[in-house]
Amino acid sequence: MFGLVPFKFNNGENSRGLTINDMFNDFFNDDMLSEFNSSGSFKTDIKETPEEYIVHAELPGVKKEDIKIDYNNNYLTISATRNNESEEKKDHYIRRERSYGSVSRAFYISNVNKDSIKAKFDNGVLNIELPKKEVTTNNSTQILIE
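Here it is in structure tokens:
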């Protein structure tokens, strides 16, 4: 109830001057459900097994050479870039769209053996394997007295 805000129409237009038809057309024509969108994000799954962490990141339309992966201070950072072409003609309604830009996400993943990280990119999905460090059971150190 507290989140409701009054909204008023004046002669079929909202406060920005768009008709209701314009709002529906913009909604259905925008590529707002894209995997690689303007919000700078992409879908990612992270799974933990007893031996490793497995990351699956969806990067459709991105080339392998346009992806950068870093692991630094327990943060895994995935960055990607994709180019754009967009053209729209009102005469015959021809529309070509390709989303573009740079995206980057960082995930805190500790206890990783950083020298054994592996990554593969296949069919628009980036798969990263981050092996865990071996757990040592004996954390004590005997100190000799001089």
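Mapping of the sequence shown onto full-length UniProt numbering: position 57 corresponds to residue 57, and the numbering continues sequentially without gaps.
Using N, Cα and C, we set each Cβ at its ideal position, and we do this for glycine too.
Report task. Compare the beta carbon distance of R105 and F42 with 8 angstroms and say whether it is the shorter of the two. Result -> yes
Check your understanding: Excluding sequence positions up to five away, which residues of its chain have a Cβ less than 6 angstroms from the Cβ of residue 186?
Key -> Because the chain is modelled from 1 through 146, residue 186 falls outside the range shown and cannot be assessed.
Just to check my reading of the structure: L130 and I67 have Cβ atoms closer than 8 angstroms, yes? What is that Cβ distance to the nearest angstrom?
With 8 angstroms as the limit, L130 and I67 do not qualify as a contact, their Cβ atoms being about 16 angstroms apart.
Same chain only: Cβ atoms within 7 angstroms of K120, ignoring 5 sequence neighbours per side: N127
Should I128 be listed as close to the ligand GDP, given that the test is whether its C-beta is under 7 angstroms from any heavy atom? Only the bare structure without any ligand can be found here, which leaves the ligand GDP out of the picture.
Self-check item: Cβ distance (whole Å) where V103 is taken to contact L76 below 8 angstroms
Solution: About 14 angstroms; that fails the 8 angstroms criterion.
Would you kindly work out how many angstroms separate the C-alpha atoms of Y71 and E65, rounded to a whole number?
Cα to Cα, the separation comes out at about 18 angstroms.
What would DSSP say about E65, mapped onto helix, strand or coil? Note: E65 maps to helix in three-state DSSP.
### Query
What's the gap between the Cα of I46 and the Cα of L59?
15 angstroms
TODO: Go ahead and label I145 buried or exposed: buried means 16 or more other beta carbons lie within 10 angstroms of its beta carbon, across all protein chains shown.
DONE: I145 should be labelled exposed.
Quiz item: What do you reckon, are the CB atoms on E51 and K133 nearer than 8 angstroms?
Solution: Not closer than 8 angstroms, so no.
Practice problem: Would you decide whether Y53 is buried or exposed? Buried here means 16 or more other CB atoms lie within 10 Å of its CB. | Solution: buried
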